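Everything on this sheet refers to the single structure shown next.
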Amino acid sequence: MSADKKEEIVEKSGPVFNPPVYIQRYTTVRDILFKLPGIEKVVDFGCAQGAFIKYLKKLPFVTEISCVDVHEPSLDSASYASRPHAWDYVFKRHKPLSIKIYKGSALENDRRLQGYSAVTCIELIEHLDPKHLESLASNIFGFIRPKVAIFTTPNCEFNILFPDLKGFRHWDHKFEWNRKEFEEWCNTVLDKFPDYTVKLQGVGDPPPESSHVGPLSQLAVFTLKLTAQKPHEVNSNLSKETYILINEEQYPGRSENDPEPMT
Numbered sequence: 001m002s003a004d005k006k007e008e009i010v011e012k013s014g015p016v017f018n019p020p021v022y023i024q025r026y027t028t029v030r031d032i033l034f035k036l037p038g039i040e041k042v043v044d045f046g047c048a049q050g051a052f053i054k055y056l057k058k059l060p061f062v063t064e065i066s067c068v069d070v071h072e073p074s075l076d077s078a079s080y081a082s083r084p085h086a087w088d089y090v091f092k093r094h095k096p097l098s099i100k101i102y103k104g105s106a107l108e109n110d111r112r113l114q115g116y117s118a119v120t121c122i123e124l125i126e127h128l129d130p131k132h133l134e135s136l137a138s139n140i141f142g143f144i145r146p147k148v149a150i151f152t153t154p155n156c157e158f159n160i161l162f163p164d165l166k167g168f169r170h171w172d173h174k175f176e177w178n179r180k181e182f183e184e185w186c187n188t189v190l191d192k193f194p195d196y197t198v199k200l201q202g203v204g205d206p207p208p209e210s211s212h213v214g215p216l217s218q219l220a221v222f223t224l225k226l227t228a229q230k231p232h233e234v235n236s237n238l239s240k241e242t243y244i245l246i247n248e249e250q251y252p253g254r255s256e257n258d259p260e261p262m263t
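In structure tokens:
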């Protein structure tokens, strides 16, 4: 069973969300990326079975998607999710798209990701040992240096609304933060990487009578300051290709004689 499904079971034991919060997380992150200019290459760390792929590939300006996870069995499903459908060859995208599936760790540098314009970490950081969060931040903000990086993570204040929940929402969670703790971590990132700003928001509003607990998931959008944006020069001497390429799929782009892409 996927992590999404396991956490969905927990979420169903409390307040009812329509659509389910795991879907709201995907659509919220997708919509943030859609509104930002110049986002052409996206890496999704902790991609699991690749459920976010179908949302990412609907972004018409994206030309390359890399999905990274350490759990190789999950990547078989992600590879399947990355395959084009028959209609992708009929109703082609405005631009060609490459989707790559990698086995690798978000804590490690891989030079193929340098110059990517966006990084997503959806419900990832709580699966990491807290002592590794510094390495995660260094890889994303120091090495990749994307224009935008988006993180979501559970808000543990919401957990009191799950009557059957004991402990964390998922057996593999190493921690679950309240809103103050998440904000403190974000500020720690900004202290080390001052070229970024951050905005916090939530996904999954609580019932009105429980508004004090905040949203089910909390979300941070880190944005590279315009004054810090410059063409990214890949230095092959600073990094190696540490990830293993599991699968790659190509989506064709349209010519002027092709039908308009389906939305």
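If you read the sequence shown in full-length UniProt numbering, its first letter stands for residue 1, the second for the next number, and so on. C-beta atoms are modelled at their ideal positions from N, C-alpha and C, and glycine is treated no differently. In this text, all values refer to a predicted model and were calculated from it rather than measured experimentally.
field: Cβ pair count under 8 angstroms reaching 3, the stretch 44-62 against the stretch 81-95
entry: yes
field: Residue nearest to A78 in terms of C-alpha spacing, selected from A48, L161 and G104
entry: A48
query: Would S217 be called buried (16 or more neighbouring beta carbons within 10 Å of its own) or exposed?
result: buried
task: From the DSSP output, in three-state form, read off E249 for me.
output: strand
Residue from D172, V68, L128 and E248 whose Cα sits closest to the Cα of G104: V68
task: Pull up the CB-CB distance for A220 and L200, whole angstroms please, since I reckon it's below 8 angstroms.
output: 5 angstroms
message: Distance check for R254 and K57, CA to CA, integer angstroms please.
response: 15 angstroms
field: Counted within 10 angstroms of its Cβ, other Cβ atoms place N155 as buried (16 or more) or exposed
entry: buried
- request: Could you check what DSSP says for G214 in three-state terms: helix, strand or coil?
  value: coil
task: Could you tell me whether the Cβ atoms of T242 and D110 are closer together than 9 angstroms?
output: yes
message: I'd like the span of the alpha helix (DSSP H) that includes V16, first residue to last.
response: Note, V16: premise wrong, no alpha helix (DSSP H); not H, not E.
- prompt: For D172, which three-state DSSP category applies?
  reply: coil
- prompt: So what's L133 in DSSP terms, helix, strand or just coil?
  reply: helix
task: To the nearest angstrom, report how far apart R169 and E40 are at their CA atoms.
output: 34 angstroms
task: Could you please give the first and the last residue of the uninterrupted alpha helix (DSSP H) stretch that includes Q24?
output: V21 to K35
- prompt: Just checking my contact of L107 with S66 at CB under 8 angstroms: how many whole Å lie between their CB atoms?
  reply: With 8 angstroms as the limit, L107 and S66 do not qualify as a contact, their Cβ atoms being about 16 angstroms apart.
- prompt: Cα-Cα, which of G14, A118, K54 and I244 is closest to D88?
  reply: K54
message: Looking only at its chain, what residues have a beta carbon closer than 7 angstroms to the beta carbon of P84, apart from the 5 residues adjacent to it on each side?
response: E249 and Y251
- request: Classify I9 as buried or exposed, calling it buried when 16 or more other Cβ atoms lie within 10 Å of its own Cβ.
  value: At I9 the pLDDT is 49, less than 50, meaning the model places this residue with poor confidence and gives no usable figure here.
task: Look at the alpha carbon of K100 and the alpha carbon of I246, and state the distance between them as a whole number of angstroms.
output: 8 angstroms
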